[in-house]
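Just so you know, the sequences run in chain order A and B.
If you read the first sequence in our numbering, its first letter stands for residue 1, the second for the next number, and so on.
If you read the second sequence in our numbering, its first letter stands for residue 1, the second for the next number, and so on.
Data block below; observations after.
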Amino acid sequence: MKYLTYILRNVRRNPVRSLLTIASTSICLFLMMILVSFFAISDEVNASTRIYNRIATLNANGFAGMIPIAYVKGVAQLDGVLATTPFSWYGGKYQDEILPFAQFGVDPETVFTIMSELSIPPSQLKEFQQTKDGCVIGRKLAADKKLKVGGSLPLKGDAYPVGLDLKICGIYDGPSDRDLRMCLFNWEYLDERVKQVAFGAGSAFTPANARRSGNAAMIFTKCKSADAMPVMCKKIDDLYRNSDFPTRTQTEEAFGKMFEEMLGDLKGMIRAIGMAVVFSLLCVAGNAMAMSMRERTSEVALLKAIGFSKGLVLLLVMIESVLVAGLGGALGSLGARGCSRSSTSRSTQPGSSRFSMSHGTSRSRGCSSRSRSALSAASFRRCERRTCRSSTD
Amino acid sequence: MIPLKYNVRNLRVRWKTTLMTVLGTGLVVWSSCILFGLVDGLEHSLAVSGDPLDLIVMRKGSSNETTGGFETAKADELLTLPGIARDYSGRPLAAKELLNIPIAQRENGTRTNIIVRGVQPASRQLRPDFRIIEGNDLVEGRAECIVSKSMSKRFKGAQVGGVLNFGDKEIYRVVGIFTAGGSAAESEVWADLKDVERSTGREGSVSCVQLRAAGPKDYDSLRNTIEDDTRFKLAAVPESVYFLNQSRSSIFLKGAGTLIAVLLTFGAMFSAANTMFAAVSARTREIGTMRALGFSQLHILISFLGESLILCGLGGAAGLLATIPLNALTYETSDFNSFASMTVAFRFGPLVLAVALMMTLAMGLFGGMLPALRAVRLDVISALREL
């Protein structure tokens, strides 16, 4: 610690150079942390859903397939099931905005039992359950679009050939890492509307499976315990394996992971760019360190003359380099954290909306500081050899 | 004017520093070029997909083929409308198509949705430059399918002779590989319309009808008929408009790419500035000498700016060259419009070049400005006396 003053003085020796290095490091690390944490979010959010013991049932052939609404009752009667609800994605337009927020047709009686981390005032929940065309929206959605309880929410059909005129009965809230921008309405209301179109037009209309009436699209089930989950998944799939609409059931975590897998090559590419950025920083900071060491060769010689060992001098240089790099990294991570706080209020991704800084920060900062010091140590060795040779003159 | 040779020689003498700076800026330019190359690839594939006389007919109000279905009866009537272009043997260039989105497995085991398009013979001519490059085209009614080249490299079973199994009723044999001019069709698996109808149980409906008008006048009359005639009341979307709307997915990538490029430029700018500051402080005597010889302050400024530009230019060129081998790169991710896989090819075109050039200029000019100004403000006498 007694050398700290000396090290700090060295850093301040050429303030412009140090500032530029710190600025360069912080900007690039800020960028890299945002990129890396982008994927760390979804991993974390997915893992956090494990505690809710929920499983999702889809048609075995994918999102375009149908799940008859009768299956919901069938699953509810199984042993080990706490509650079930259909979860039919509507995909409507709000004020001509395509895909503004997620809208799902659910069973108002059971949905909040299943999504137990979401809370809603009991009076509003009762209103939702009693109003055929009612809906509840998330707190963040209400804030974004300035919607209030009692207001109306007209949705134009996009994926479905029918529009919905919903009345806002309540606003739900929940922990910040859950999707607080959903609109949940009564599945039966959608079903009725779809039936009207099919029979009202008079023509022999057989729309695509998924847009038929009676389609629950997905069944969301809460199991009684965590151990029951894999058993339930198999039970449900076995039950409907030989029917016209075979199912595939997986835990909520695996379901979320499926969305992540859809990203495909994008993930690898972003990681590669992050690596390139860190390597570039290596060159930048190493360069700066090498330049300053080149100017200090006589000073190093002096230090060795008065008795500092090689190892100690090396250590001093490394600490200086780590300090500069660390400052840049700290600034970068603070910036990234601040950026993520402000962006969570505007994120529209279903399900995941918080950046997790813990992973990215320590890992990237650690490895880049270490690599930087390694590089400056290497350049220092070169200078050292030169001074050794010169000091013997 | 101070000859450029001076700057070049200086860069050569301090070659270690030059190399490090070039590496730093080069990597930065390389990363940004990759992103923009992918954005360009995506936009190019969408632009190429839209023929000016082509119309995509979907249900009114729908924004995507996958959800825009309507009755087969209407579709059959559409195919008989006057004004549709005909091919060399007199058949109308119009086809009913049915889309399905099953789950498929990639070679590495992860899953994603892919588009299986049930087509009719005319569908091929409605895509730009459709070609079978391996195997044969599918024969109707035999549960055969053809896949695009990029899909054959990425998905399990998607090679000639392989089998795509999407469920007990949906099994297709892959008989050929096609390319379609880099258009959006290259993210799809094509099968016979009747086979898809049967395997998904959707005999009474189609997802869309693709047709080409015989000429501009027929184009307008067809659009009016389809949209207003009581028989139809459907949406006839010009193909180019349709794909323009789909390019919403490129906006995210473009935004991310721009943000990354700007931030990286700043980062590299500081590194170039660092190098130039060191250069200036090491050469104070030379600068004093040049001033004494009669070069004006402006000359010194231009000289050092020039050196900074050369330095960054070398980095930019290195980064740009490093992206050339990536020209064959394709990446596969999800298009959140259709919720299915899409493959984009990297495109080394004017956009990438422009990005590299702009970044280099910005880094060179803004990075080198302050050091050059410092060089300019040196007092001649004290500069000459520097050690």
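Glycine included, every Cβ here is placed at the ideal spot set by N, Cα and C.
Since this is a predicted model, take the numbers as computed values, not measurements.
Tell me which residue opens and which closes the beta strand (DSSP E) that residue i is part of.
| i | result |
| --- | --- |
| L329(B) | Element bounds for L329(B): n/a, residue is neither H nor E. |
| R124(A) | One detail in the question is off: residue 124(A) reads as Gln in this sequence, not Arg. Taken as a continuous stretch (DSSP letters only), Q124(A) belongs to no beta strand (DSSP E), being part of the alpha helix (DSSP H) at 122–130. |
| G135(B) | 130–135 |
| A379(B) | Ala is not the amino acid found at residue 379(B); the sequence shown has Asp there. Note, D379(B): premise wrong, no beta strand (DSSP E); not H, not E. |
| M342(B) | 340–345 |
| N388(B) | Nothing in the structure corresponds to residue 388(B), since chain B is present only between 1 and 387. |
| P230(A) | Careful: P230(A) lies outside any beta strand (DSSP E), inside the alpha helix (DSSP H) at 228–240. |
| K73(A) | It is not in any beta strand (DSSP E) - K73(A) instead sits in the alpha helix (DSSP H) that spans 70–76. |
| V162(A) | Run containing V162(A): none; DSSP gives neither H nor E here. |
| N165(B) | 163–165 |
| L180(A) | L180(A) -> no beta strand (DSSP E), and no H or E assigned at all. |
| K222(A) | 219–223 |
| Q210(B) | 208–212 |
| P86(A) | 81–86 |
| E144(B) | 144–148 |
Residue i: which of the options sits nearest, CA to CA?
| i | options | result |
| --- | --- | --- |
| A104(B) | D40(B), A143(B), E71(B), Y172(B) | Y172(B) |
| P121(A) | D173(A), K146(A), D158(A) | D173(A) |
| I114(B) | S148(B), T284(B), L309(B) | S148(B) |
| L282(A) | L11(B), V13(B), M1(B), V28(B) | V28(B) |
| G118(B) | E307(B), T230(B), L193(B) | L193(B) |
| G91(A) | A159(A), L302(A), S42(A) | A159(A) |
| N100(B) | I84(B), I146(B), F178(B), T200(B) | T200(B) |
| T249(A) | R13(A), N61(A), L302(A) | N61(A) |
| I168(A) | D133(A), R178(A), Q196(A), D177(A) | D133(A) |
| S24(A) | M151(B), L79(B), A273(B), I84(B) | A273(B) |
| A102(A) | S333(A), V111(A), T110(A), W89(A) | W89(A) |
| L126(B) | P82(B), S89(B), Q210(B) | Q210(B) |
| R220(A) | D265(A), E252(A), D244(A), V231(A) | A small correction: the amino acid at residue 220(A) is Phe; Arg does not occupy that position in the sequence shown. Cα-wise, what sits closest to F220(A) is E252(A). |
| R202(B) | G181(B), E170(B), N224(B), D228(B) | E170(B) |
| L305(B) | R248(B), A73(B), G367(B), D51(B) | G367(B) |
| P121(B) | V139(B), N108(B), V8(B) | V139(B) |
| G24(B) | I324(B), M358(B), T330(B), G319(B) | G319(B) |
| T265(B) | M358(B), V174(B), S247(B) | M358(B) |
| G138(A) | G163(A), L125(A), R271(A) | L125(A) |
| P52(B) | N7(B), K217(B), G26(B), T21(B) | K217(B) |
| K254(B) | L19(B), V39(B), L222(B) | V39(B) |
| L78(B) | A282(B), R285(B), R212(B) | R212(B) |
Taking the beta carbon of residue i as the centre, do at least 16 other beta carbons fall within 10 Å, making it buried, or is it exposed?
| i | result |
| --- | --- |
| W190(B) | buried |
| I273(A) | buried |
| N420(A) | Absent from the structure is residue 420(A), since the part of chain A shown begins at 1 and ends at 393. |
| W15(B) | exposed |
| N46(A) | buried |
| D227(A) | exposed |
| F205(A) | In this prediction, F205(A) has a pLDDT of 42, which is less than 50 and means its spatial position is unreliable; nothing more can be read from the coordinates. |
| F252(B) | exposed |
| L263(B) | buried |
| N10(B) | buried |
| S308(B) | buried |
| R91(B) | exposed |
| S203(A) | Here the model assigns S203(A) a pLDDT of 37, short of 50, so the residue's position is not dependable, and the following value carries that caveat. Exposed: under 16 other Cβ atoms inside 10 Å. |
On the three-state DSSP scale, how would you describe residue i?
| i | result |
| --- | --- |
| S116(A) | coil |
| A158(B) | coil |
| A143(A) | helix |
| T110(B) | coil |
| S221(B) | helix |
| S292(A) | helix |
| R173(B) | strand |
| Y172(A) | strand |
| A64(A) | coil |
| V139(B) | coil |
| D107(A) | coil |
| L153(A) | strand |
| G332(A) | helix |
| D40(B) | helix |
Counting along the chain, where does the alpha helix (DSSP H) carrying residue i start and finish?
| i | result |
| --- | --- |
| R198(B) | 193–200 |
| L126(B) | Segment: none, L126(B) is in no alpha helix (DSSP H) and carries neither H nor E. |
| V300(A) | 297–305 |
Inset, instruction - Go through the region 12–62 of chain A residue by residue and report every complete run of the alpha helix (DSSP H) that reaches 4 residues or more, in order. - result: Taking only runs of at least 4 residues, the alpha helix (DSSP H) segments lying wholly in the region 12–62 of chain A are 15–48.
Inset, instruction - Give, in chain order, every unbroken run of the alpha helix (DSSP H) that is at least 4 residues long and sits entirely within the region 229–316 of chain B. - result: 239–246, 248–282, 284–293
Inset, instruction - Tell me the start and end of each unbroken alpha helix (DSSP H) in the region 54–107 of chain B that is at least 4 residues and wholly inside, in chain order. - result: 72–79
Inset, instruction - Let me know the alpha helix (DSSP H) ranges lying completely inside the region 239–292 of chain A, each 4 residues or longer, listed in chain order. - result: Here the runs fully enclosed are 252–262.
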